[in-house]
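Sequential numbering from 1436 applies to the sequence shown in our numbering. This report refers to the structure that appears directly beneath it.
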Amino acid sequence: MDPINFVILAAILFAIGAAAVLLRRNAIVAFMGVELMLNASNLALVAFSRIHGEIDGQVMAFFVMVVAAAEVVVGLAIIIAVFRARQTISLDEPAELKG
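Laid out in structure tokens, this is it:
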């Protein structure tokens, strides 16, 4: 299979993730969109690494996965804290927390 197909798939996945972040008001769906964008970037990095025959893209993809795992922990903790305080996970609610 041609690695360019993986780059095209990564672009489609990134666009879907960006649409989820920009169009949805639910924090969980927006969070899933960010994760989808990170996974799309990983797919693109690995595809370009394969195209150029070097391992640099795969190493960068590994570090992106590490950052994504840390982001999941912190992001979910913030979402749970806001839900416990406001009883909603809407992205419009935290804007009202400004004093």
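Idealized CB from N, CA, C, for every residue including glycine.
Each residue's CA atom was taken as its position, placing G1492 and G1452 some 21 angstroms apart.
For the 8 angstroms CB-CB criterion, A1454 and I1524 do not form a contact. A check of alpha carbon separations from E1470 across F1518, R1519, E1506 and A1516 identifies E1506 as the nearest.
Around the Cβ of N1477, a 10 Å sphere holds 16 or more other Cβ atoms; the residue is buried. L1448 and M1472 have their C-alpha atoms roughly 7 angstroms apart.
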